[in-house]
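Asker: Once you've had a glance at the structure underneath, I'll fire off some questions.
Numbering (full-length UniProt numbering), first residue to last: 1 to 579.
In structure tokens:
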């Protein structure tokens, strides 16, 4: 009776109480049919071939209560789903009931680290005309462009800085509401970062609330989109990602992408009234949005919001904004053939379309022209002639996102659930080769796989490293799952075992990027701080799955794996003190 009461109360409790209830139910003896969970056993017995099968159906009711609505659907590629399956498999092997594991239950809150069930708006209305001091505002804007803009160039840096200087030099007349919303979103994101680095109380909520009030009151869904509105929505989703509101961020990403499509930012523009610099700014906005969409979909395991086959936006040029007025750079931006040839020298061949994949970049984005400008060495930049810069880093980042998107579609989609395992294994091997090819083509100064004596670009190298390893884990995880046999007991090939061993090696490599002892200022200064919890959770979950499955691969060193998991726990514990 008491167990049934606890189960009925569970969906209506906050996160802390719900977790305590799960622990209580986990310790109860099996005395009631309510605690039995035969369905997972049946599923485990029936899933004898393809471990990707769970992606083709759902047993959840996300309309059931506030908590399930806040989290929403969590798909197979998410580490939250991996943790849930690990918990279910562990309980089944121990011949105990899986707490709250009956059909229709959300993955237990103890395995879900997303924070969508937390309210985060400032409680009191804010004054939209209340700006921070010029000194504080300058520091926040500088923080944003130093720590965020390179990865997500959703606004023009030079144009915004000029507008910012004019705003503080002469506040009359007041800037437009949309620009004020953009300014406050930049303040919010920078304040969030500063509080993490300095271990200070959060100060970002008033800025975000101010921007949100402007967005929802004056120009939200019913207003026809504009370029500034797309930028605002992009900044909002980036902020939501940084504060752990993954479900909300994913939804806002869909809104921002639809606004961008309505503004035809997903297409190459040949409007002669637009300057080449304005066109390039829009192209970068599109690819920043696209990379955010891929990031969120990989984290939460949901389908992507846009089909790249419908897009013709050229890849961003690998030159900093400050050089856009340089004659040679301006020529690359303006001439489509020269752009293609220049960008193609940096883009991985894994991103070019072929008969095996639907969603890699269309040839129009990165193919080298066979005649004309494309082969003229006087017009194009050789690989070694371009100095390392944040725009080149962004191009590498976008290229990797396209490869990750393709892997997600081929390996973790419902379509893959109907394929026999040998075909899935081939897809895994092919996508793993694509991402390895990307690393082989990475410019040496960004190559995190080599020991470099100098420290420049450490922030960019670290960001690319986390993204690279994360995508490899997404690709290789089904092989580890098959070897362990949590959801399948079919035969395992030598190739599958090798890729499972690589998966464990990659998970340890993620944690090896971090110092042995937690250094929080270093973490938030040089790592992709907006999703660092995801990277740590993803890699440590893979290692915990291997330990629970008692993997015997020869390559997997038990002691090293245990040390890595303990290291991840130390880092997460230290991070929780300030976040």
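Just so you know, even glycine gets a beta-carbon here, dropped at the ideal spot from N, CA and C.
Tell me the DSSP secondary structure of residue 199 in three-state form.
Answerer: For the purposes of this step, residue 199 is identified with residue 199 of the chain shown, where counting begins at 1. DSSP places residue 199 in coil when its eight states are reduced to three.
Asker: Does DSSP put residue 407 in a helix, a strand or coil?
Answerer: Against the chain shown, residue 407 aligns to sequence position 407. Three-state result, residue 407: helix.
Asker: Less than 8 Å between the beta carbons of residue 521 and residue 570, yes or no?
Answerer: On the chain shown, position 521 is the one that residue 521 refers to. On the chain shown, position 570 is the one that residue 570 refers to. In this structure, residue 570 does not lie closer than 8 Å to residue 521 by Cβ.
Asker: Leaving out the 5 sequence neighbours to the left and right, which residues in its chain are closer than 8 Å to residue 372 when beta-carbon positions are compared?
Answerer: Counting from 1 along the chain shown, the entry for residue 372 is found at position 372. Summary for residue 372: the model assigns pLDDT 36, below 50, so the residue's position carries little reliability, and this model does not support an answer.
Asker: What do you reckon, are the CB atoms on residue 302 and residue 317 nearer than 8 Å?
Answerer: To locate residue 302, count along the chain shown from 1; it is residue 302. To locate residue 317, count along the chain shown from 1; it is residue 317. Contact: no.
Asker: What does the alpha-carbon distance come out to for the pair residue 141 and residue 547?
Answerer: Taking the first residue of the chain shown as 1, we reach residue 141 at position 141. Taking the first residue of the chain shown as 1, we reach residue 547 at position 547. One C-alpha to the other measures close to 45 Å.
Asker: Give the list of continuous alpha helix (DSSP H) stretches no shorter than 4 residues that lie fully inside the region 164–249.
Answerer: The qualifying runs are 177–198, 205–218, 227–242.
Asker: Between residue 226 and residue 143, how many whole angstroms is the CB-CB distance? I'm expecting something under 8 Å.
Answerer: If you number the chain shown from 1, residue 226 lands on position 226. If you number the chain shown from 1, residue 143 lands on position 143. About 27 Å separates the two Cβ atoms, so there is no contact after all.
Asker: Which term fits residue 224, buried or exposed, when burial requires 16 or more other beta carbons within 10 angstroms of its beta carbon?
Answerer: Numbered from 1 along the chain shown, position 224 holds the residue referred to as residue 224. Exposed is the call here.
Asker: Taking the CB atoms as reference points, tell me whether residue 397 and residue 482 lie closer together than 8 Å.
Answerer: As a first step, residue 397 is located in the chain shown; it is residue number 397 there, counting from the start. As a first step, residue 482 is located in the chain shown; it is residue number 482 there, counting from the start. For residue 397 and residue 482, no; Cβs fall outside 8 Å.
Asker: Going along the chain, which residues of its own chain have a beta-carbon closer than 6 Å to the beta-carbon of residue 427, five neighbours each way excluded?
Answerer: If you number the chain shown from 1, residue 427 lands on position 427. Excluding residues within five positions, the ones whose Cβ falls inside 6 Å are 410, 411.
Asker: Measure the Cβ-Cβ separation of residue 237 and residue 249 and say whether it is below 8 Å.
Answerer: The residue given as residue 237 occupies position 237 in the chain shown. The residue given as residue 249 occupies position 249 in the chain shown. Yes.
Asker: Could you check if residue 480 is buried or exposed, using at least 16 other CB atoms within 10 Å of its CB as the buried criterion?
Answerer: The count along the chain shown starts at 1 and reaches residue 480 at position 480. Result: buried.
Asker: With contact counted as at least three CB pairs below 8 Å, one residue from each stretch, are the region 500–515 and the region 438–445 in contact?
Answerer: The region 500–515, when compared against the region 438–445, does not touch it at the 8 Å Cβ threshold.
Asker: Report the residue ranges of all beta strand (DSSP E) runs contained in full by the region 444–509; include only those spanning at least 3 residues, in chain order.
Answerer: The region 444–509 contains no whole beta strand (DSSP E) run of 3 or more residues.
Asker: Determine the DSSP secondary structure at residue 337, reduced to helix, strand or coil.
Answerer: Taking the chain shown and counting its residues from 1, one reaches residue 337 at position 337. Looking at residue 337 - three-state DSSP - the assignment turns out to be helix.
Asker: So, under 8 Å CB-CB, residue 274 and residue 313 are touching, yes? Tell me the CB distance rounded to an integer number of Å.
Answerer: For the purposes of this step, residue 274 is identified with residue 274 of the chain shown, where counting begins at 1. For the purposes of this step, residue 313 is identified with residue 313 of the chain shown, where counting begins at 1. Not a contact, Cβ separation roughly 14 Å.
Asker: Per DSSP, what kind of secondary structure is residue 535 in: helix, strand or coil?
Answerer: As a first step, residue 535 must be located in the chain shown, where it is residue number 535. Reduced to three states, the DSSP call for residue 535 is helix.
Asker: Terminal residues of the continuous alpha helix (DSSP H) containing residue 426?
Answerer: Position 426 of the chain shown, counting from 1, holds the residue named residue 426. Run containing residue 426: 421–441, per the alpha helix (DSSP H) assignment.
Asker: Near residue 189, what residues of its chain come up, given a Cβ to Cβ distance below 8 Å and the 5 sequence neighbours on each side ignored?
Answerer: By one-based count along the chain shown, residue 189 stands at place 189. For residue 189, where only same-chain residues beyond five positions count, the Cβ hits under 8 Å are 144, 148, 204, 235, 238, 239, 242.
Asker: Would you mind listing the alpha helix (DSSP H) stretches within the region 245–317 that are 4+ residues and don't spill past its ends, in chain order?
Answerer: The region 245–317 contains these whole alpha helix (DSSP H) runs: 246–262, 276–300.
Asker: If residue 583 and residue 79 are in contact, beta carbons under 8 Å, what's the gap, nearest whole angstrom?
Answerer: The chain is shown only over 1 to 579; residue 583 falls outside these bounds and no answer can be derived.
Asker: Thinking C-alpha only, which one of 168, 131, 150, 299 is nearest residue 461?
Answerer: Within the chain shown, the letter at position 461 stands for residue 461. Of the listed residues, the one whose Cα sits closest to residue 461 is 150.
Asker: Starting from residue 132 and walking both ways along the alpha helix (DSSP H), at which residues does that stretch end?
Answerer: For the purposes of this step, residue 132 is identified with residue 132 of the chain shown, where counting begins at 1. Element bounds for residue 132: n/a, residue is neither H nor E.
Asker: Taking 6 Å as the limit between beta carbons, can you name the residues of its chain near residue 329, skipping five residues before and five after?
Answerer: Translated into positions along the chain shown, residue 329 becomes position 329. The answer, listed in chain order, is 319, 323.
Asker: Less than 8 Å between the CB atoms is what I'm expecting for residue 315 and residue 395, so what's the real figure, rounded?
Answerer: Along the chain shown, read from residue 1 onward, the residue named residue 315 stands at position 315. Along the chain shown, read from residue 1 onward, the residue named residue 395 stands at position 395. Sure, about 6 Å apart at Cβ, within 8 Å.
Asker: I need the straight-line Cα distance from residue 525 to residue 469, nearest angstrom please.
Answerer: Residue mapping note: residue 525 aligns to position 525 of the chain shown, counting from 1. Residue mapping note: residue 469 aligns to position 469 of the chain shown, counting from 1. Each residue's alpha carbon lies about 20 Å from the other.
Asker: Can you tell me which of the three DSSP states residue 155 falls into?
Answerer: Within the chain shown, numbered from 1, the residue matching residue 155 stands at position 155. Of the three classes helix, strand and coil, the one that applies to residue 155 here is coil, per DSSP.
Asker: Is it right to say residue 305 is buried, meaning 16 or more other beta carbons lie within 10 angstroms of its own, or is it exposed?
Answerer: Stepping through the chain shown from its first residue, residue 305 is reached at position 305. Buried, because 16 or more other Cβ atoms sit within 10 Å of the Cβ of residue 305.
Asker: Is the separation between the beta-carbon of residue 152 and that of residue 292 shorter than 8 Å?
Answerer: The residue you call residue 152 lines up with position 152 of the chain shown. The residue you call residue 292 lines up with position 292 of the chain shown. Contact: yes.
Asker: Tell me which same chain residues have a C-beta within less than 8 Å of the C-beta of residue 474, skipping the five on either side of it?
Answerer: One-based indexing of the chain shown puts residue 474 at position 474. Once the five neighbours on either side are set aside, the close Cβ partners of residue 474 are 77, 298, 404, 407, 408, 411, 412.
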